[in-house]
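Structure first, then comments.
In UniProt numbering, the protein residues as written are 1 to 501.
Listed below in structure tokens is the structure:
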């Protein structure tokens with residue numbers, strides 16, 4: 001038997017009075033978090049929810065998210081986390097596809113969520129922080145205290161604990177079935193790598209509805225009895241204020257967050273002396289952002305690599321003393337990674353041997369929910385195909401070059417967008433950059449750069465083209481340049497390149 005909710009129950013048993021959640025409204029201890037999630041479990045069970053039943057949960061980083069999350073798990077039901085930024089048709093797709101029986105949502109998005117629930121024929125909607133005119137029922141209906149600990153439903157390690165939907169950056173989102181064992185290991189192994197302690201405070205701004213925030217921040221912190229400092233929405237001011245207020249020791253983020261913090265700190269003083277380590281994931285961090293952050297904040301960044309289908313972690317740089325800057329590290333314990341060419345042959349080490357990362361181990365999903373053909377394609381050859389291109393060095397450290405689906409083929413030559421983006425980020429007037437391929441009748445694809453300029457700088461397309469032309473091969477530099485006020489981002493800070501093409 002293994003129910004993922006055991007990570008909360010064990011921490012609450014050993015440290016009931018220790019802080020579990022730090023938020024704008026105060027502190028919730030482990031004993032209180034366990035009891036509150038017991039109440040949700042009992043209420044769901046009374047409404048007919050039991051092992052294997054999907055329950056959708058849509059909320060930002062507020063205490064009600066972990067309360068509901070662990071309550072769902074305790075019944076043996078399956079958590080289906082939903083992005084709060086989704087519109088009604090997108091929510092409806094995920095509700096239908098997962099077979100969700102109940103939707104727990106948040107007042108700020110309740111109207112959109114209720115429309116989606118009606119379209120997907122989900123009868124019960126519960127609203128966190130419900131107002132008098134909110135649709136559905138108030139979440140407080142599920143939080144009536146119960147006597148004694150709720151008995152954890154018996155689940156096998158291979159049973160599904162969560163169905164987490166892909167970000168949809170390259171197509172219609174699919175639900176990755178993540179098991180209790182898989183998610184437990186993804187909380188346990190990474191935490192041991194950087195020697196997390198119960199006294200640590202994890203700054204939790206990564207959305208908990210995304211696998212990175214859910215596994216690598218919330219589950220990891222709860223597994224080791226840490227305090228989670230909850231920040232509902234990323235802004236540099238709020239993150240730095242929370243670090244100072246709660247004396248956070250660990251910060252998990254994505255590259256855009258690190259870049260924004262560096263830019264904000266140029267004009268603002270902040271006390272981040274409590275930080276001992278930062279973790280970057282979600283995308284490869286640009287070298288200049290990596291260097292600038294470490295120089296400004298005097299704290300090491302450990303870069304890792306993972307994806308929704310692997311319940312977060314595939315590789316990691318083990319420690320500040322055993323890392324390879326600009327690399328995503330080595331496979332974590334129990335995980336294998338190889339680099340394959342287009343014919344499925346393993347490639348030797350070296351930056352000239354770029355291929356697709358394939359992986360296998362406990363961390364890979366059970367399947368895409370309801371999509372057997374997509375599952376079979378993803379596991380072709382017995383390994384999970386990540387869709388990411390990169391190479392390994394002689395010591396086994398892995399380096400990401402780009403997404404396979406974002407590769408630009410210009411006149412028969414391969415152009416890796418990330419390589420050109422790295423060049424652009426070194427321009428003093430460029431704040432953000434994204435490189436995409438656009439259709440071209442003569443060449444098949446042409447290289448296009450989308451630029452967000454730094455305040456106080458004025459750039460022209462000609463300047464950008466010339467800057468890149470002097471630094472990369474003739475077939476790589478962008479001939480097309482567009483300036484924007486901002487780049488479209490997913491809820492976790494990834495650039496939505498499909499919206500730029």
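We put the beta carbon where it would ideally sit given N, CA and C, even for glycine. These numbers were taken from a predicted model, which means no experiment stands behind them.
A direct Cα-Cα distance of roughly 12 Å separates residue 110 from residue 57. Rounded to whole angstroms, the gap between the alpha carbons of residue 76 and residue 153 is 5 Å. According to DSSP, residue 307 shares a beta bridge with 312.
Excluding sequence positions up to five before and after residue 238, its CB lies within less than 7 Å of the CB of 231, all in the same chain and listed in chain order. In this structure, DSSP gives residue 402 an extended state, which the three-state scheme calls strand. Across the structure, residue 80 and residue 136 are spaced so that their CA atoms are roughly 19 Å apart.
DSSP, reduced to helix, strand and coil, places residue 427 outside both helices and strands of the structure shown, so it counts as coil. Burial check for residue 352: the Cβ neighbour count within 10 Å stays below 16, so the residue is exposed. The bridge partners DSSP lists for residue 357 are 339.
In the DSSP assignment, residue 17 falls outside any beta strand (DSSP E), carrying neither H nor E. Per DSSP, residue 319 lies in no alpha helix (DSSP H) segment and is marked neither H nor E. Between residue 425 and residue 194, the alpha-carbon positions lie close to 29 Å from each other.
The continuous stretches of beta strand (DSSP E) do not include residue 284, and DSSP gives it neither H nor E. Residue 301 is positioned such that its CB atom lies no closer than 9 Å to that of residue 274. In the DSSP assignment, the residues bridged to residue 346 are 340.
Apart from sequence neighbours up to five positions away, the residues of its chain that approach residue 423 with a beta-carbon distance below 7 Å are 468, 471 and 472, ordered along the chain. The beta carbons of residue 227 and residue 252 sit no closer together than 9 Å. The Cβ-Cβ distance between residue 289 and residue 255 falls below 9 Å. Residues of the same chain with a CB within less than 7 Å of the CB of residue 146, apart from the 5 flanking positions on each side, are 38, 39 and 42 in chain order. The alpha-carbon separation between residue 494 and residue 444 amounts to approximately 26 Å. Separation of the CB atoms of residue 155 and residue 365 is rounded to 16 Å, and the pair is thereby denied contact status at 8 Å. Straight across, the Cα-Cα distance linking residue 418 with residue 229 is about 32 Å. Relative to residue 127, the option among 198, 107, 143 and 142 whose CA is nearest is 107.
Three or more pairs of CB atoms, one per stretch, sit closer than 8 Å, so the stretch 322 to 331 contacts the stretch 389 to 398.
Separation of residue 181 and residue 405 (C-alpha to C-alpha, rounded to the nearest whole angstrom) is 30 Å. Membership of residue 377 in the alpha helix (DSSP H) is indicated by the continuous run 372 to 378.
Nearest to residue 163 by alpha-carbon distance, out of 450, 55 and 262, is 55. Counting the other CB atoms within 10 Å of its CB gives residue 210 a total of 16 or more, which places it among the buried residues.
Looking at the DSSP output, residue 278 bridges to 251 and 301. For the pair residue 368 and residue 177, the Cα-to-Cα distance works out to about 6 Å. Exclusion of the five residues before and after residue 452 leaves 430, 431, 432, 433, 483, 484, 485, 486 and 487 as the residues of its chain whose Cβ lies within less than 8 Å of its Cβ.
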